[in-house]
Each structure stands twice: as C-alpha cells, then as structure tokens.
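To start, the structure itself, in structure tokens.
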DNA sequence: GTCTATATGCGGATAGAC
DNA sequence: GTCTATCCGCATATAGAC
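Written as structure tokens, this is what we have:
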C-alpha cells in the first residue's frame, strides 16, 4: 500500500468516524472520501475495527504532540499545568477537530469493543492522568495526583459538554480548573 | 398492546440500548429480552429510533423524580444544590443503572440523530441547567446561572469518567462541586 | 394483539482481473 | 497494489395466520 493511500485512509477514517460516529459510518463512506477501494482497505487492515484502532493510535500521538507544544509555550508551572485546555482548544479548531472526543466516543459505542480499541481508550486516559500528575507536581507537590484526578474530571466534562452544546467554550473548564488549582495551593 | 408488554419492551430497550450501545444492539435482542415479537414492537413504534426516543423520555421522567426525592431529603440550600450527586449515585446503583449517561450516549452515536432523539437530549440538558440554576439561587443569588454552568460541567464530567473507568466514584465530582460552591459563596 | 415467517436493503469482507 | 464485481450475513421492518 502506498504511503499516501494509507494516509488518506486514516485521514478519512478520522474525519468520518469521530465526527459522525463509528457505527453510523459505513466503510464505503471512508473509501469514497479517501478515493480508495474496499480491497485496498482490507489489504492493510483485517477489519473495520482495526482501522478504527489505527486511527485512534495516530490521533493519540498527534494529540500528545499538540499538548506538548502548548506546554512548552508556557512560562510558568501553573501555565504548563493548565496548558491542557489550550491544547483542547487548538486540537479542536485545527484540521483534526472532531465533534467531541474520539476516545470517549469509541468507548461509548460498544460496551464490548475490540481489544485494540479498548486499549487505545485506556492509553488515552492513562496518558492524561500521568501527564497531568507530572505537570501538577511542581505546582502543588504531594497533592499532584489528587489535583490531576480533578482536572481529568474537568477535561472529560468539557469534552462531554460538546455533545450537549456544540458551541460549548473551553473557557469555562479552564476557569474551573484554575479555581481547583488555587484551592490546592492555598 | 397490553401495558405489561409495553413496559417490558421499554425495560428491555433501556437496559440494552443504554448499556451496550444503541447501534450495537439489534432490535432482536430487545425483543428476546422482552419476550415479544417484532410485529408487537412495530405495532407500538414505527421505527427503532422511536423506541429509543420513548425509552429516553421515560428515563428522563424517572431521573427527575429520583433527583426530586434526593433534593427533598436535604435540610439546607447547599445540600439541595449538591443533591444532584446523590441522585447520580442513586440512579446508577438502582435498577435503571446504565453504563454512563443514556442521553449523552444517544447524542454520541449519531451526528444526525432523529429529531425525537435530539429533542430528548436537549431536554435533558436544559432540565439540568434550569434546575441547577433554581437550586443555586438561594445559595449564591445572582451567581446562580454561572455556578449552575460549572456544576453542569462537573456532572457531565462525572458521567464521562464512567466511560474511562467503570469504577469511577461520584465522590470526586461532589468534592469538586463543593469547592466551586464555596468559592462563589465567599 | 401476538405470533411465525419472510421480504428487503445495506454493510462488511472477498475473489479475481489488470 | 489497486480496481470491479460480488458474496454473504445480518438488521430493520412487514405480511398474513391465529
């Protein structure tokens, strides 16, 4: 499979699966958008679920890169901790912007998802948890893990709010997060 | 359609759709659990989506009733405002407990859901918003709407966290909410 | 009113040509 | 390696008997 075809397939998969829903998107729609045929897809991936998992994996790598860039742009520890909200904004308004969260969406669609998809969701959660904890450590020290758990709740809430209200602004979550950080500092 | 058959159909729909996913659950599975046949289902509802919408409607009424009961049990204004978390716990561990949130789940599955389903989701959100605002009014007065928006974020975050970690405890959300209330009071 | 049996369409996946 | 054409199964919905 040529690299460009593979990339187009993943692009199309990401765009359609994570905005319209996975089950609601037939592979034919992905193929049409990618300009590829079914045989080409199934040459690279054994099943539709494998394509979903591959799209999630690539998305996760790009999300972490976006987040890293936002962290590095901040001058102080608290800014770096709250940079996750800049990243949410940036990722959303960028070319990879989806309706809400690709990982939560994949988890929501099937109680028994394939092992690969389930692993991708778990990885996303653990990445958020561990990175938030590390970023919180210089800010609140021993409370880092507890604060990270609170921020994970707020991040997930921001993502879920996009389902309730497509115009939902990340500013609310950032404001709530700031209050939670301040509370632990005091 | 006999009332008991109708109730069994809604029970089965609720249990399966909102735990395993709507698209992932064929109507046959609902029929098998309800002990009814396809003809009986389609006598009462024109489409599968209509059954989903009916199950959401009934669930919404019962959720509000559960919430009301938790509010009434509280002795003070702050307790009544935070009673939404008691209700989340009670609803979850009761017989209607689902994997996460039936309304967010329905919204997640299709970008273009049927008008009835979309309306049910919107109703759920607006109910949360307006009731939280009303309950916040005696606690923080003019800040009620702003606080309600924050609490809606936290409630949605608690629900989304259930997807990330099935054992997620509501206590975290309640604690965060308490801090947000305290901040607005001061 | 509920059943059995079935029509109908669509989605995932494959075979075989080029 | 990619395409065209197609198979096969499953899911929604209906027809007609009891």
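Chains as they are written, first to last, in the working numbering: chain A, 491 to 676; chain B, 491 to 676. Each residue gets a CB set at the ideal place from its N, CA and C atoms; glycine is no exception.
Straight-line CA distance for residue i to residue j?
i	j	result
residue 571 (chain A)	residue 622 (chain A)	7 angstroms
residue 584 (chain B)	residue 607 (chain A)	29 angstroms
residue 680 (chain A)	residue 581 (chain A)	Given a span of 491 to 676 for chain A in the structure shown, any question on residue 680 (chain A) remains unanswerable.
residue 674 (chain A)	residue 531 (chain B)	54 angstroms
residue 614 (chain B)	residue 593 (chain B)	7 angstroms
residue 574 (chain A)	residue 548 (chain A)	19 angstroms
residue 503 (chain A)	residue 595 (chain A)	14 angstroms
residue 492 (chain B)	residue 556 (chain B)	Note that residue 492 (chain B) has pLDDT 47, beneath the 50 cutoff, so the model's placement of it is unreliable and no number is given.
residue 494 (chain B)	residue 632 (chain B)	47 angstroms
residue 648 (chain B)	residue 529 (chain A)	42 angstroms
residue 667 (chain B)	residue 669 (chain A)	11 angstroms
residue 639 (chain B)	residue 527 (chain A)	46 angstroms
residue 599 (chain B)	residue 509 (chain B)	13 angstroms
residue 644 (chain A)	residue 525 (chain B)	42 angstroms
residue 540 (chain B)	residue 626 (chain A)	47 angstroms
residue 605 (chain B)	residue 624 (chain B)	28 angstroms
residue 650 (chain A)	residue 591 (chain A)	8 angstroms
residue 520 (chain B)	residue 546 (chain B)	15 angstroms
residue 542 (chain B)	residue 514 (chain B)	13 angstroms
Can you give me the start and stop residues for the alpha helix (DSSP H) that residue i sits inside?
i	result
residue 598 (chain A)	592 to 599
residue 585 (chain A)	Here residue 585 (chain A) belongs to no alpha helix (DSSP H), and DSSP marks it neither H nor E.
residue 623 (chain B)	605 to 630
residue 646 (chain A)	634 to 654
Mind checking residue i: buried by the 16 CB within 10 Å criterion, or exposed?
i	result
residue 576 (chain A)	buried
residue 551 (chain B)	exposed
residue 562 (chain A)	exposed
residue 486 (chain B)	The first residue shown for chain B is 491 and the last is 676, placing residue 486 (chain B) beyond what the model contains.
residue 652 (chain A)	buried
residue 505 (chain A)	buried
residue 579 (chain A)	buried
residue 544 (chain A)	buried
residue 507 (chain A)	buried
residue 445 (chain B)	Coverage of chain B is limited to positions 491 through 676, which leaves residue 445 (chain B) absent and any answer about it impossible.
Under the criterion of a Cβ to heavy atom distance below 7 angstroms, does residue i qualify as lining the ligand ADP?
i	result
residue 549 (chain B)	By its list of ligands, the structure shown contains no ligand whatsoever, and the ligand ADP lies outside what it can speak to.
Near-chain B residues of the stretch 648 to 664 of chain A (beta-carbon distance less than 8 angstroms), N- to C-terminal order: Going along the stretch 648 to 664 of chain A in chain order, one finds 648, 649, 650, 651, 653, 654, 655, 662 and 663 with a Cβ nearer than 8 angstroms to chain B.
What residues in the stretch 497 to 512 of chain B have a beta carbon less than 7 angstroms from any beta carbon of chain A? 509, 510 and 511
To be precise: take each residue of the stretch 569 to 590 of chain B, compare its Cβ to all Cβ atoms of chain A, and keep it if any distance is under 8 angstroms. Which residues remain? 589 and 590
Residues in the stretch 619 to 644 of chain A with C-beta within 8 angstroms of chain B's C-beta atoms, listed in sequence order? 639, 640, 642, 643 and 644
Any residues in the stretch 527 to 558 of chain A with a beta carbon nearer than 8 angstroms to a beta carbon of chain B? Which ones, in chain order? none
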